């Protein structure tokens, strides 16, 4: 997703190219792209100049969208998904703490767009590694 966001507006990008650049298995990437396409985050183009691109501008896709699409939830522990599954949930102090932690993480995930991630990537790529001299 970050590579698609980084190259947004350049047209479709072949998965083989992304797999090679990011050092990810093509087979794995082919499996990951399916739910991203189904959810409307990514669109595909067939043909010799085909590939994948973001379905919306990077500024309109947040990290939480991708996490929920691929993992189904951003809850940190199982009992947060279904409080009815535990009869102690209404009285459980640790569950409340896990909920607070999940809420804080989710707030961050919802606030970070792929546009921001692209900008962060550009900043990091622009930084030179420290030069050590003896």
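Numbering (the working numbering), first residue to last: 123 to 256. Glycine is no exception: its CB is placed at the ideal position from the N, C-alpha and C atoms. Keep in mind that this is a model prediction, so the values were computed, not measured.
Asked, Found
"Using a 10 Å radius around the Cβ and a threshold of 16 neighbouring Cβ atoms, would you call residue 180 buried or exposed?", "buried"
"Which same chain residues, not among the five before or five after residue 138, have their C-beta less than 8 Å away from its C-beta?", "148"
"Using a Cβ-Cβ cut-off of 7 Å (strictly less than) and excluding sequence neighbours within five positions of residue 177, which residues of its own chain qualify?", "162, 163, 164, 165"
"Specify the secondary structure class of residue 135 as computed by DSSP and reduced to three states.", "strand"
"Is the region 230-244 touching the region 180-198 in the sense that three or more CB pairs, one from each, lie closer than 8 Å?", "yes"
"With distances taken Cα to Cα, identify the nearest neighbour of residue 193 among 244, 226, 217, 155.", "155"
"In angstroms, rounded to a whole number, what distance separates the CA positions of residue 127 and residue 240?", "7 Å"
"CA-CA distance, residue 145 and residue 152?", "14 Å"
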